[in-house]
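**Student:** Before anything else, here's the structure in question.
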Amino acid sequence: MTECSTLRLEFEGHGRREVMAGFDGGRITSDAGALLLREVECRFGVVREFALAFTDYRDPDRIEFSVEELLRQRVMGLALGYEDLNDHDQLRNDPLLALACGRDDITGQQRRQPDDRGQPLAGKSTLNRLELTPVGANDQSRYKKIVASIDQLQRSLVDLFVRMQSQQQMSAQQQMSAQQQMPAQQPAAPEELVLDLDATDDPVHGDQLGKFFHGYYKSYCFLPLYIFCGHWPLLAQLRPADIDGAAGTVEQLQRIVSQLRETWPEVRIIIR
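For reference, each letter of the sequence shown is one residue, going 767 to 1038 in this note's numbering.
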């Protein structure tokens, strides 16, 4: 007979609740990997940082989901392989995903409307309003009132990179200091950063605004620009495909390099 393990895995707590992964039956989820994503978010606060780039013009008395909870739900869904908003008609029922999104009421029993009880997360229509709010929306707009600052979102990627680099160096120095029984020092600036730039195709299969046929990729697509430092993205900019692959790189590099030098003024920066 198959030997079933009774080992339980302990994760970051949620308020007064313990978060444990077990293999002894009960209510089952097929997306337990969300627990690992939640650990990353609890430690680094990536989505929390992005949420600060949004202005929320909704009436606070009528809000059931904060901007950060909506962003977490969408980001977690994408990371788990659920690209379409329609998927959230089923995902909104999953208490484990609600836990990963930071919801206090992970079973949905405290929802205001009786028809929503048992569904702890937002549906596709609420997430749609988050994604499609125009830049000029305000508190007088009818439905779409959560406005993203693209400039601030782009800056957040670089800020997160700087913070994580500093944390990694601080951790390494603390370990070295502990081994040598010496007091920990401030993290040193990196000597060199290599920024990789590239454009690639993002194929489209409908009549999306801004699609064009690209002869090299032989398909209708967008042509986003990416800038990475190692494995960390410093820029992901959506662009139409009827432009040169290098279009806009100088402006983005001026911003990113200036931002990096605010923290590390003497670092050597190589552009590839």
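Ideal Cβ placement from N, Cα and C applies to all residues, glycine included.
Are residue 803 and residue 777 closer than 7 Å when you measure CB to CB?
**Tutor:** Contact flag unset, no.
**Student:** Can we say the segment 965 to 972 touches the segment 984 to 1002, given the rule of at least three CB pairs closer than 8 Å?
**Tutor:** A contact exists between the segment 965 to 972 and the segment 984 to 1002.
**Student:** So, are the CB atoms of residue 1000 and residue 893 less than 7 Å apart?
**Tutor:** No, the Cβ-Cβ distance between residue 1000 and residue 893 is not below 7 Å.
**Student:** Looking at C-beta atoms only, is the number of pairs between the segment 973 to 983 and the segment 997 to 1014 that lie closer than 8 Å three or more?
**Tutor:** Yes: the two stretches touch, three or more of their Cβ pairs being nearer than 8 Å.
**Student:** What separation, rounded to the nearest whole angstrom, lies between the Cα atoms of residue 890 and residue 899?
**Tutor:** Spanning the two alpha carbons is a distance of roughly 14 Å.
**Student:** Helix, strand or coil, according to DSSP, for residue 808 in the structure here?
**Tutor:** Looking at residue 808 - three-state DSSP - the assignment turns out to be helix.
**Student:** With distances taken from CA atoms, which of 876, 773 and 797 is nearest residue 863?
**Tutor:** Here the closest residue by C-alpha is 797.
**Student:** On the criterion of 16 or more Cβ atoms from any shown chain inside 10 Å, does residue 1002 qualify as buried, or is it exposed?
**Tutor:** Residue 1002 should be labelled exposed.
**Student:** Among 851, 849, 897 and 831, whose alpha-carbon lies nearest the alpha-carbon of residue 870?
**Tutor:** The shortest Cα separation from residue 870 among 851, 849, 897 and 831 belongs to 831.
**Student:** Can you tell me the Cα-Cα spacing of residue 794 and residue 907, whole angstroms?
**Tutor:** Going from the Cα of residue 794 to the Cα of residue 907 covers about 41 Å.
**Student:** Cα separation between residue 929 and residue 840?
**Tutor:** Using only the alpha carbons, I get a separation of about 24 Å.
**Student:** Among all the DSSP beta bridges, which residues are the ones paired with residue 821?
**Tutor:** Answer by DSSP bridge pairing, in chain order: 913.
**Student:** Which same chain residues end up closer than 6 Å to residue 904 when comparing Cβ atoms and leaving out the 5 residues on each side of it in sequence?
**Tutor:** So the qualifying residues of the chain are 823.
**Student:** Where does residue 786 land, buried or exposed, given buried means 16+ other C-beta within 10 angstroms?
**Tutor:** So residue 786 counts as exposed.
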